[in-house]
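Below is one structure; the comments refer to it alone.
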Amino acid sequence: DGLSSPYFGDSPLKRRAPSFGYKPRETVFSPT
Amino acid sequence: ESMELVKDLFEHLCGVRVHKCYEDDAGLWFDTSQGSRNGIMDYKLGFVRSDEAGTEVVYIPLLKQRSSDELKILQQQIPSYMFDTLSFPLKSLPQFYSKMARCLGKEVRDRD
Amino acid sequence: ESMELVKDLFEHLCGVRVHKCYEDDAGLWFDTSQGSRNGIMDYKLGFVRSDEAGTEVVYIPLLKQRSSDELKILQQQIPSYMFDTLSFPLKSLPQFYSKMARCLGKEVRDRD
Numbered sequence: 702d703g704l705s706s707p708y709f710g711d712s713p714l715k716r717r718a719p720s721f722g723y724k725p726r727e728t729v730f731s732p733t
Numbered sequence: 007e008s009m010e011l012v013k014d015l016f017e018h019l020c021g022v023r024v025h026k027c028y029e030d031d032a033g034l035w036f037d038t039s040q041g042s043r044n045g046i047m048d049y050k051l052g053f054v055r056s057d058e059a060g061t062e063v064v065y066i067p068l069l070k071q072r073s074s075d076e077l078k079i080l081q082q083q084i085p086s087y088m089f090d091t092l093s094f095p096l097k098s099l100p101q102f103y104s105k106m107a108r109c110l111g112k113e114v115r116d117r118d
Numbered sequence: 007e008s009m010e011l012v013k014d015l016f017e018h019l020c021g022v023r024v025h026k027c028y029e030d031d032a033g034l035w036f037d038t039s040q041g042s043r044n045g046i047m048d049y050k051l052g053f054v055r056s057d058e059a060g061t062e063v064v065y066i067p068l069l070k071q072r073s074s075d076e077l078k079i080l081q082q083q084i085p086s087y088m089f090d091t092l093s094f095p096l097k098s099l100p101q102f103y104s105k106m107a108r109c110l111g112k113e114v115r116d117r118d
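Residue numbers (my numbering), protein chains in the order written: chain G, 702 to 733; chain L, 7 to 118; chain R, 7 to 118.
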C-alpha cells in the first residue's frame, strides 16, 4: 500500500493519520 | 531530501510521528502520534509565542477516535492529567516526551 | 509544511537533530546530532537493507571535529564501545536512542 518503506518496513504510527482527518502519506524516495 | 524519510527515522528512533505541521494565528501546531506496540497516544502539540513568558507548549490529547478497549489500556498506562489539555513552558518539553514514552512503554495485561 | 519546522520540533522534543538525509548504493544515511547542554554526540546512522537479516542499522560516531575537552566529557558520559562503529538490527534502534539519551543527559563535573 506504499506506506511501508524498504528500509523501515511498516510504520504503525504513520497509519494513525486518519485520526487527524487525513490520509497517511507514501514515502517517496527522492533521487539522490 | 524527503520529509517522509525524516519522519520515518523519527518514528523508528524516538517513537514519535509528526503527521502534519501547520501555523495559525494562535501559533504553530503539530499533529502527532507517540508510542509503540504497547500503547499509542494521538495528540496535538501547539507552540504559542508570548513575549513575557517565552514560548508556551499546549498539549491536546485526541481521544474521540479511540475505542473503549484502547482507552482502557491507556488509562492503565498514563496518569489521568494527561487525558486533559495541558500547557507548560518550552523547557519542559523533553520531560513531557520522556514521561509519555515511559508510560506508553508499560506492558498492560488486558484485564478481561 | 516545512522540513525545518519538523526538525526543530524533534530537536526540542527528543534532543535529536537530523542535518541531512541521503541515499547511496549502501543504503539510507542520516547525519545526526543528539544530546543536550550536558553533552552532544555527532554521528551518522545508516540503514542497510539485507533480505535475510532485514534492515541493519550502522552507527558511525563522528569525533574528528570534537575538542579534547569535549571528548574528555563524552568519555565520562558514554561507554567506550559507543566511540566505535556499531551495527545492530532495526528493532534495537529505540534502545540505542534511549541509551544515548541517558548517557548524554549525565551531568559531568569538569575535573580540572
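Every residue gets a Cβ at the ideal spot worked out from N, C-alpha and C, and that includes glycine.
Asked	Found
Would you say G:Y708 reaches chain R, if we count a Cβ-Cβ gap shorter than 8 Å as a contact?	yes
Identify the continuous alpha helix (DSSP H) that holds L:M106 and give its terminal residues.	99-110
Please work out which residues of its chain come closer than 8 Å, Cβ to Cβ, to R:K13, disregarding the five sequence neighbours upstream and downstream, and give them in chain order.	R23, V24
From R:V54, R:D75, R:P67, R:W35, pick the residue whose C-alpha is nearest to that of L:F8; which is it?	A small fix is needed here, since residue 8 of chain L is Ser in this sequence, not Phe. Minimum Cα distance to L:S8 is reached at R:W35.
Quick check on the DSSP output: what are the complete alpha helix (DSSP H) runs of length 4 or more inside the stretch 9-95 of chain R, in order along the chain?	9-20, 74-83
Taking 8 Å as the threshold (C-beta atoms), are L:G111 and L:S42 in contact?	yes
Three Cβ pairs or more, each shorter than 8 Å: is that satisfied between the stretch 75-91 of chain L and the stretch 58-67 of chain L?	yes
Output needed in chain order: residues of the stretch 53-73 of chain R with a Cβ under 8 Å from some Cβ in chain G.	F53, R55, G60, T61
Comparing alpha-carbon positions, which option in R:V114, R:D31, R:L96 lies nearest R:T61?	R:L96
Show which residues of chain G have a CB atom less than 8 Å away from the CB atom of L:S48.	It is worth fixing the name first, because residue 48 of chain L is Asp in this sequence and not Ser. What L:D48 touches in chain G: R717, S720, F721.
Check whether the Cβ of R:L34 lies closer than 8 Å to any Cβ atom in chain G.	yes
Here's the rule: buried if 16 or more other CB atoms are within 10 angstroms of the residue's CB, otherwise exposed. What is G:G722?	exposed
Of the residues L:D30, L:G52, L:N44, L:D57, which one's Cα is nearest the Cα of L:D37?	L:G52
Using the beta-carbon of each residue, which ones in chain G are nearer than 9 Å to R:L96?	Y708, F709, G710
With burial defined as no fewer than 16 other Cβ atoms inside 10 Å of the residue's Cβ, what is the status of G:S712: buried or exposed?	buried
Considering only DSSP beta bridges, list what G:S706 is partnered with.	G:G710
Report, in whole angstroms, the separation of the C-beta atoms of R:A32 and R:V54, which I expect to be a contact under 8 Å.	6 Å
Measure the C-alpha to C-alpha separation of L:F16 and R:M106 and round it to an integer number of angstroms.	15 Å
From R:D57 to L:E58, what does the alpha carbon distance come to, in whole angstroms?	55 Å
Which one of L:K50, L:H18, L:N44, L:K26 has the shortest CA to CA distance from L:L79?	Per the sequence shown, residue 79 of chain L should be read as Ile rather than Leu. When each option's Cα is compared against that of L:I79, the closest is L:N44.
Using only CA atoms, which one of R:V114, R:Q71, R:R115, R:P100 lies nearest to L:H18?	R:P100
Suppose you measure from the CA of R:C20 to the CA of R:D48; what does that come to, to the nearest Å?	15 Å
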